[in-house]
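Novice: For reference, the structure I am asking about is given below.
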Amino acid sequence: MIGTVFANLSRFVLLILIQVLVLDHLDVANGYMVPYLYVLFLLMLPFELPAWAQLTSGAITGLVMDLFSNTPGMHMSACVVMMYARLNLLRLLAPREGYEFGTRPTVPRMGLAWFVTYASLLILIHHLWLFFIEIHRFDHFFGTFFRAIFSGVFTLALCLLAQFLTSRPEQGRR
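Each residue of the sequence shown is one higher than the one before, starting from 25 at the first, in the numbering used here.
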């Protein structure tokens, strides 16, 4: 239990630091592609985490990003919406036998296809919400939509890269 809490806190701090110190200063395609790797912390929370804890984790993560980004409430709302969607998506994507207790959604544990489906949907929800809240209007709908899509693909690629660099292969899995 303490090891899980420490691992999650370490992941949180590391991803926030990478986001704030490195990724927020990238200018990819004139700001058209904005990676938000910090969402990987929320994506990798354990399956059995209660709904209130998932929503609270999303709110705290978004609040910390808002404090560093000077974006009052934007990241917080996007993270809470993403975590609300995660509650329903995990039920929808659940295997027949259910999720194994004490596991996290990772590529080695769940498989590449499952993780890409899970992560891409949640990242897309997060990015669409964040970018439409950022501009406060829908008159540039397609520009904002494509910005969210391209940023989501970039974020997903970084999340997969982080998964492959940090995850160990599962033992005894076929």
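Ideal Cβ placement from N, Cα and C applies to all residues, glycine included.
So the alpha helix (DSSP H) tyrosine 60 belongs to, where does it begin and stop?
Specialist: Within the sequence shown, residue 60 is the residue found at index 36, counting from 1. No alpha helix (DSSP H) holds tyrosine 60; DSSP gives it neither H nor E.
Novice: Taking DSSP as the reference, what is the three-state secondary structure of valine 104?
Specialist: In the sequence shown, residue 104 corresponds to position 80, counting from 1. Helix.
Novice: Going straight from the alpha carbon of glycine 196 to that of methionine 134, what length do you get?
Specialist: Here residue 196 refers to the residue found at position 172 of the sequence shown. Here residue 134 refers to the residue found at position 110 of the sequence shown. The pLDDT assigned to glycine 196 is 47, lower than 50, so where the model puts this residue is not dependable; a value taken from the coordinates is nonetheless given after this. Near 13 Å, if we compare the C-alpha coordinates of methionine 134 and glycine 196.
Novice: According to the neighbour-count rule (16 or more other Cβ atoms, all chains shown, within 10 Å of its Cβ), is arginine 198 buried or exposed?
Specialist: Residue 198 sits at position 174 when you count from the first residue of the sequence shown. At arginine 198 the pLDDT is 41, less than 50, meaning the model places this residue with poor confidence and gives no usable figure here.
Novice: How about the segment 107-116 and the segment 170-185: do they share at least three Cβ pairs that are nearer than 8 Å?
Specialist: Segment contact: the segment 107-116 against the segment 170-185, fewer than three CB-CB distances shorter than 8 Å; contact not assigned.
Novice: Taking only beta-carbon positions, decide if leucine 114 is within less than 9 Å of chain B.
Specialist: This model lacks chain B altogether; it includes just one protein chain.
Novice: In terms of residues, what are the limits of the alpha helix (DSSP H) holding phenylalanine 125?
Specialist: The residue given as residue 125 occupies position 101 in the sequence shown. For phenylalanine 125, no alpha helix (DSSP H) segment is defined, and its DSSP state is neither H nor E.
Novice: Just grab the DSSP bridge partners of valine 52 for me.
Specialist: The count along the sequence shown starts at 1 and reaches residue 52 at position 28. Answer by DSSP bridge pairing, in chain order: Met57.
Novice: Find out if the Cβ-Cβ distance for the pair glycine 82, methionine 107 is shorter than 9 Å.
Specialist: Residue 82 sits at position 58 when you count from the first residue of the sequence shown. Residue 107 sits at position 83 when you count from the first residue of the sequence shown. Yes, the Cβ-Cβ distance between glycine 82 and methionine 107 is below 9 Å.
Novice: By a C-beta neighbour count over all protein chains shown, 10 Å radius and 16 as the cutoff for buried, is glycine 86 buried or exposed?
Specialist: By one-based count along the sequence shown, residue 86 stands at place 62. It is buried - the Cβ of glycine 86 has at least 16 other Cβ atoms within 10 Å.
Novice: Give the range of the alpha helix (DSSP H) segment to which arginine 192 is assigned.
Specialist: Within the sequence shown, numbered from 1, the residue matching residue 192 stands at position 168. Segment: none, arginine 192 is in no alpha helix (DSSP H) and carries neither H nor E.
Novice: Take every Cβ of the segment 183-190, pair it with every Cβ of the segment 61-73, and state whether three or more of those distances are shorter than 8 Å.
Specialist: Because the criterion of three Cβ pairs below 8 Å is met, the segment 183-190 and the segment 61-73 touch.
Novice: Using 10 angstroms around the beta-carbon of proline 129, count the other beta-carbons present and answer buried if the total reaches 16, otherwise exposed.
Specialist: For the purposes of this step, residue 129 is taken as residue 105 along the sequence shown, with counting starting at 1. The residue is buried, with at least 16 neighbouring Cβ atoms inside 10 Å.
Novice: Rank Thr179, Gln43, Arg35 by C-alpha distance to the C-alpha of serine 93 and give the top, closest one.
Specialist: Numbered from 1 along the sequence shown, position 69 holds the residue referred to as residue 93. The option with the nearest alpha carbon to serine 93 is Gln43.
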